[in-house]
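Numbering (this note's numbering), first residue to last: 6 to 286.
What follows is a single structure, written as C-alpha cells, with notes after it.
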Ligand SMILES: [Zn+2]
C-alpha cells in the first residue's frame, strides 16, 4: 500500500514516551487490542478521546487493500482500513467513516503501525541506502520500539505558529508574516491525494493550504480564494521554516532512524519506509 504519511506538527509541549503495550509477536487467539492515540480525537462537545480498541486485520481488510477504488487514494484506503478495524474509539458510539477521516494524520499513522504489529508482529525488515557509498542496508526494525511523542494527558493539540521571514505579499503590497497552521487530518490526506501522486510539491502546497488557520491580517475569504497559491508564492526560506516548525516536537511516531553503514562506516539518518509495511507477504 502507499498511504502518504503526512507531516505532523504542534506547538504543544510534548513528552517522548513509548506507550505501546503490545509485544513483538501478536498473541495467538486474541483479536482485539487497546492502544492510546498520541493526540486523540476531539468530539463536537470538546471531549478528547484517546483510547482505541483495535482488532487484527482479517480477510475483509485483505479485500480492502486489494480494492482498486482505493489504490489511487492512500488517504481513503487508510480511512477504510481503520474504520474497519477500530472496534471502539474512546467513548464514542460506532459511527461512519467521518470520525476516522477527522483523526489527525499522526494518530492515523500510529494506528496503522499498531495494526501491522498486532496482525503480523512488530518486526519489519527495512532497506536503507547509504548516502556515501550507496550500499544497501537491510535492518530488522521493531515497530513497537519506535519512539512515540504524545500530547500530555488532559492537554489538547494546539496550532503551529510560524513567523515567516519574507512573508506573503498581497495585491495591495501588504506583507503578512504570522502564520498559524493546524495539524493535518485524514480528510486533508484524502482531499489532496491525487495532487500528491502527480506532484508531491504541489500536493504539499494543497495540504498545507487546507491547514492554514490565519496568515497575518488576511481575511478568511481571501485565504480560501487563494488556497494553495499562497504556499507556492512563499520563498523557500519561509517554506523551510514551516517544515521545521511542523517537524519540531511533532506528536506521533518518529520514523527517522540512525544507521551506520557496514561498508564505509558512514552514520546517517533515514526515514523508515512504510510504503509496503502492510504487504501481506
Ligand atoms: Zn556506506
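All C-beta atoms, glycine included, are put in the ideal place defined by N, C-alpha and C.
The structure presented is a predicted model; accordingly, all values stated were derived computationally and were not measured.
Q | Proximal residues to residue 127 (C-beta, below 6 Å), its chain only, five neighbours per side dropped | A | The answer, listed in chain order, is 29, 147, 148 and 149.
Q: May I have a chain-ordered list of the beta strand (DSSP E) segments no shorter than 3 residues that lie completely inside the region 117-162?
A: 128-134, 141-147 and 153-155
Q.
Looking at ligand 1, does it come within less than 7 Å of residue 140, judged from the CB to the closest heavy atom?
A. yes
Q. Would you say residue 271 touches ligand 1, meaning its beta carbon is less than 7 Å from a heavy atom?
A. yes
(Q) Would residue 43 and residue 134 qualify as a contact pair, given that the criterion is a beta-carbon distance under 8 Å? (A) no
Q: Could you tell me whether any non-hydrogen atom of ligand 1 is closer than 7 Å to the CB of residue 137?
A: Yes, since a heavy atom of ligand 1 falls inside the 7 Å radius drawn around the Cβ of residue 137.
Q.
Once DSSP output is grouped into helix, strand and coil, what is the label at residue 2?
A. This structure cannot settle anything about residue 2, because the visible part of the chain is limited to 6 through 286.
(Q) Given 7 Å as the limit, tell me if residue 90 has its C-beta closer than that to any heavy atom belonging to ligand 1. (A) no
**Q.** Among 276, 143 and 64, nearest to residue 267 - alpha-carbon criterion
**A.** 143
Q) Opposite residue 3 in the DSSP bridges: which residues? A) Lying before the first or after the last residue shown, residue 3 is absent from the chain, which here runs from 6 to 286.
Q: With DSSP as the reference, please indicate the residues paired to residue 257 in a beta bridge.
A: 154
Q.
ligand 1 and residue 275: does the residue's C-beta get closer than 7 Å to at least one heavy atom of that ligand?
A. no
Q | Where the alpha helix (DSSP H) containing residue 50 begins and where it ends | A | Taken as a continuous stretch (DSSP letters only), residue 50 belongs to no alpha helix (DSSP H), as it is neither H nor E.
Q.
Less than 8 Å between C-beta atoms, sequence neighbours within five positions excluded: which residues of the same chain meet that for residue 271?
A. 135, 136, 137, 138 and 265
Q. So who's on the other strand from residue 93, going by DSSP bridges?
A. 58
Q: Starting from the N-terminal side, write out each stretch of the beta strand (DSSP E) that is 3 residues or longer and does not extend beyond the region 198-273.
A: 217-220 and 261-265
(Q) I'd like to check one pair, residue 53 with residue 119: are the Cβ atoms closer than 8 Å? (A) Their beta carbons are not under 8 Å apart, which means residue 119 does not touch residue 53 by this criterion.
(Q) I want to check one thing, is the minimum distance from the CB of residue 216 to the heavy atoms of ligand 3 below 7 Å? (A) For the structure depicted, ligand 3 is absent and the ligand set comprises only ligand 1.
Q: Over the uninterrupted alpha helix (DSSP H) stretch that includes residue 74, give me the two end residues.
A: 73-76
Q) For residue 263, which residues of its own chain have a beta-carbon under 7 Å away from its beta-carbon, when the five flanking residues on both sides are left out? A) So the list reads 272 and 274, once near-sequence residues are dropped.
Q.
Given this structure, state the Cα-to-Cα distance separating residue 240 from residue 171, to the nearest angstrom.
A. So the two alpha carbons sit approximately 7 Å from each other.
Q | Whole-angstrom distance between residue 69 and residue 75, CA atom to CA atom | A | 8 Å
Q. For residue 208 versus residue 108, is the C-beta spacing smaller than 8 Å?
A. no
Q | Bridge partners - residue 276, DSSP secondary structure assignment | A | 261
**Q.** the region 54-65 in contact with the region 177-186 per 3-pair CB rule at 8 Å
**A.** By the C-beta criterion, the region 54-65 is judged not to be in contact with the region 177-186, since fewer than 3 inter-stretch pairs fall below 8 Å.
(Q) Could you tell me the alpha carbon to alpha carbon distance between residue 7 and residue 204, rounded to whole angstroms? (A) At residue 7, the pLDDT of 39 sits below 50, so the modelled position is not reliable; the number obtained from the coordinates is stated separately. For residue 7 and residue 204, the distance between alpha carbons rounds to 15 Å.
Q) So, using beta-carbon positions, are residue 199 and residue 56 closer together than 8 Å? A) no
Q) Shortest alpha-carbon distance to residue 87 belongs to which of 112, 164 and 277? A) 112
**Q.** Between the CA atoms of residue 124 and residue 93 - distance to the nearest angstrom
**A.** 17 Å
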